[in-house]
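Trainee: Numbering (full-length UniProt numbering), first residue to last: 1 to 49.
Every residue gets a Cβ at the ideal spot worked out from N, C-alpha and C, and that includes glycine.
Next up is a structure, given as structure tokens.
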Amino acid sequence: MENKSARAKVQAFGGFLTAMVIPNIGAFIAWGFITALFIPTGWLPNEHF
């Protein structure tokens with residue numbers, strides 16, 4: 001097995017992170033939207049929730 005350069009290691013790690021994040025983009029957007037709705041300064045603040 002050959003030694004990987006630092007750049008190759010960083011790129012491989014970036015690929016690993018991308019593989020985790022990209023499939024969940026919709027969930028992150030939905031979480032942000034729901035949070036924006038219901039935070040105290042949001043569009044639909046409700047103390048009973």
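If we ignore side chains and look at the alpha-carbon of each, how far apart do I34 and F16 end up?
Mentor: Reading the sequence shown from its first residue, position 34 is the one you call residue 34. Reading the sequence shown from its first residue, position 16 is the one you call residue 16. Going by the C-alpha atoms only, they are around 28 angstroms apart.
Trainee: Let's see if you can read the secondary structure: which residues bound the alpha helix (DSSP H) around G15?
Mentor: As a position in the sequence shown, residue 15 is number 15, starting the count at 1. Where G15 is concerned, the enclosing alpha helix (DSSP H) stretches over 6 to 21.
Trainee: For A8 and F38, I'd like the C-alpha separation in whole angstroms.
Mentor: Taking the sequence shown and counting its residues from 1, one reaches residue 8 at position 8. Taking the sequence shown and counting its residues from 1, one reaches residue 38 at position 38. If you take the alpha carbons of A8 and F38, they lie about 43 angstroms apart.
Trainee: Quick check: what's the CA-CA separation for V21 versus K4?
Mentor: As a working note, residue 21 is residue 21 in the sequence shown. As a working note, residue 4 is residue 4 in the sequence shown. Answer to the nearest angstrom: the Cα atoms are 24 angstroms apart.
Trainee: Quick check: the Cα distance between G42 and N24, rounded to an integer number of angstroms?
Mentor: On the sequence shown, residue 42 is found 42 positions in, with the first residue counted as 1. On the sequence shown, residue 24 is found 24 positions in, with the first residue counted as 1. Cα-Cα distance, rounded: 24 angstroms.
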